[in-house]
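In terms of the working numbering, the sequence shown opens at residue 339 and continues consecutively.
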Amino acid sequence: MKKDIQYQFHHFGIPVQDGDTTGVHSEKAGMYTTDNPGNFRVQWHRFTDDSPLHPLIKTVPHVAFKVNDLARAIEGEEVILGPYEPIDDYLVAMINDAGVPIELIQTSLDDDELWARARRGQGSLYRSDD
Numbered sequence: 339m340k341k342d343i344q345y346q347f348h349h350f351g352i353p354v355q356d357g358d359t360t361g362v363h364s365e366k367a368g369m370y371t372t373d374n375p376g377n378f379r380v381q382w383h384r385f386t387d388d389s390p391l392h393p394l395i396k397t398v399p400h401v402a403f404k405v406n407d408l409a410r411a412i413e414g415e416e417v418i419l420g421p422y423e424p425i426d427d428y429l430v431a432m433i434n435d436a437g438v439p440i441e442l443i444q445t446s447l448d449d450d451e452l453w454a455r456a457r458r459g460q461g462s463l464y465r466s467d468d
């Protein structure tokens with residue numbers, strides 16, 4: 339963590355390999371995402387065999403933080419995904435922190451709108467290139 343960056347917990351993501359294909363599907367990422375129905379922000383991520391994502395993302399749970407400056411937050415880090423905009427107005431990068439994937443997010447969206455967009459599959463992660 340960098341002293342000049344503000345980090346705020348956003349969610350926790352858990353990769354699961356149980357063959358379940360429910361949830362919001364991203365063909366580009368080869369991933370199905372399901373929100374845990376509990377009170378805390380936990381997402382279950384299930385990956386297809388041909389998912390192009392980094393092996394750490396597919397096998398190790400990650401924690402996500404909102405940051406005030408994504409470019410500065412990833413400076414000097416091993417970036418394993420992004421930066422990119424998987425959901426409209428939601429910029430993301432994932433780094434490798436000594437074997438643990440960490441998701442860093444910069445967005446002006448409030449959490450209600452962000453989670454609603456994700457559940458609707460609204461964003462480039464879910465759009466077809468056709």
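Ideal Cβ placement from N, Cα and C applies to all residues, glycine included.
Below 8 angstroms on the Cβ atoms is my guess for residue i versus residue j; work out the distance and round it to an integer in Å.
i: residue 344; j: residue 406; result: 5 angstroms
i: residue 382; j: residue 352; result: 6 angstroms
i: residue 438; j: residue 398; result: 6 angstroms
Within 10 Å of its beta-carbon, does residue i have 16 or more other beta-carbons around it, so buried, or fewer, so exposed?
i: residue 448; result: exposed
i: residue 425; result: buried
i: residue 341; result: exposed
i: residue 346; result: exposed
i: residue 409; result: exposed
i: residue 446; result: exposed
i: residue 358; result: exposed
State yes or no: is the C-beta of residue i within less than 8 angstroms of the C-beta of residue j?
i: residue 491; j: residue 419; result: Not covered by the structure: residue 491. The range shown for the chain is 339 to 468.
i: residue 348; j: residue 385; result: no
i: residue 482; j: residue 362; result: Outside the modelled stretch of the chain, which goes from 339 to 468, sits residue 482, for which no answer is possible.
i: residue 451; j: residue 433; result: no
i: residue 436; j: residue 417; result: no
Can we count residue i as close to the ligand SAH, meaning its CB is less than 7 angstroms from some heavy atom?
i: residue 422; result: By its list of ligands, the structure shown contains no ligand whatsoever, and the ligand SAH lies outside what it can speak to.
Touch check for the segment 365 to 376 and the segment 431 to 445: three-plus C-beta pairs under 8 angstroms?
no
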